[in-house]
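Before any comments, here is the structure.
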Amino acid sequence: MQRLCGIVLAACVIAGVSTAAYANKSAVEIQAPETAKKGSTITISVTVTHSGNSIVHYTNWVYIKANGKEIARWDFTWNNRPENEVFTRTVTYTVTGPVEIEAESNCNLHGSAGAKTFQIKVQ
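Rendered as structure tokens:
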């Protein structure tokens, strides 16, 4: 019985650690118009979500790319952290044709949940 309790406890600890590690990866969501006129200026926003915002555990960078070219980047440090666990950064961009937006953020301890992309079509 004691051995069974130990196995169950170990399984719970492992499950809890792996879930917490995944939850602490920094993730992004892109907000932008689905269509835009050629020559127009659009606003692109990226909302970053990350469980943890302390002196030792925080989002350390965020970028936005348009058609593969970095158009905005924010770097953070232990003494210049994001304002909250969920925060938004915004950039303007002049549309010259169809645009693929890519954004990604990174946790200094657990890494990134991966880049996200968003397509903007020209009207």
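Quick note: the sequence shown, position 100, residue 112 per the working numbering, numbers continuous.
Glycine is no exception: its CB is placed at the ideal position from the N, C-alpha and C atoms.
Check the DSSP bridge columns for residue i and list the partner residues they point to.
i	result
residue 58	42 and 101
residue 75	85 and 116
residue 128	115
residue 47	133
residue 92	89
residue 106	53
Could you check which residue in the options has the C-alpha nearest to that of residue i?
i	options	result
residue 140	81, 60 and 129	The requested residue 140 is not part of the displayed model; the chain covers only 13 to 135.
residue 132	39, 99, 67 and 78	78
residue 75	90, 110 and 39	39
residue 123	94, 135 and 70	70
residue 105	67, 14, 37 and 84	84
residue 98	37, 62 and 58	62
residue 113	58, 96 and 94	58
residue 129	37, 115 and 14	115
With residue i as the anchor, note down where its beta strand (DSSP E) starts and where it stops.
i	result
residue 117	111-119
residue 86	81-87
Whole angstroms are fine: how far does the CA of residue j sit from the CA of residue i?
i	j	result
residue 55	residue 44	6 Å
residue 88	residue 117	11 Å
residue 35	residue 47	In this predicted model, residue 35 has a pLDDT of only 49, less than 50, meaning its place in the structure is not dependable; the value taken from the coordinates is given anyway. So the two alpha carbons sit approximately 33 Å from each other.
residue 103	residue 81	14 Å
residue 12	residue 127	This structure cannot speak to residue 12, because the chain is shown only from 13 to 135.
residue 33	residue 42	The predicted model places residue 33 with a pLDDT of 46, which falls under 50 and marks its position as unreliable, so this point remains unresolved.
residue 64	residue 15	35 Å
residue 101	residue 37	18 Å
What whole-angstrom Cβ distance do residue i and residue j have, given they're in contact under 8 Å?
i	j	result
residue 52	residue 107	5 Å
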